[in-house]
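3 is the number of the first residue of the sequence shown in our numbering; add one for each residue after it. Built from N, CA and C at the ideal position, the CB exists for glycine as well.
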Amino acid sequence: KGAAQFSITLARGRADLYPGMHLTVSGFKPEIDTQDWIIARAEHVIGDNGFTTKMELEAKISDWIAETEQ
């Protein structure tokens, strides 16, 4: 099955976020905000910008289509 993908970097890292975890986001289009996202990849970085968390999120295409067609 295909998946919709979404990448995000948190300015403040969250060590409690890990692959396989379900989450929602806010501040984007309603189709994105209301989607049940699964963390496909999480990378925790300590660097020049402090502690950040980069995530690649996925949602099943069938779920995505059902949500956007309503």
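Asked, Found
"Just reading off the beta strand (DSSP E) that residue 9 is part of, what are its end residues?", "5-12"
"Tell me the DSSP bridge mates of residue 47?", "54"
"Tell me which residues share the same chain as residue 58 and place their Cβ nearer than 7 Å to its Cβ, disregarding the 5 neighbours each side in the sequence.", "7, 9, 42, 43"
"Between residue 21 and the rest of its own chain, which residues show a CB-CB distance below 7 Å, the 5 nearest in sequence each way excluded?", "41, 42, 43, 44"
"Express the C-alpha separation of residue 23 and residue 33 in angstroms, rounding to a whole number.", "20 Å"
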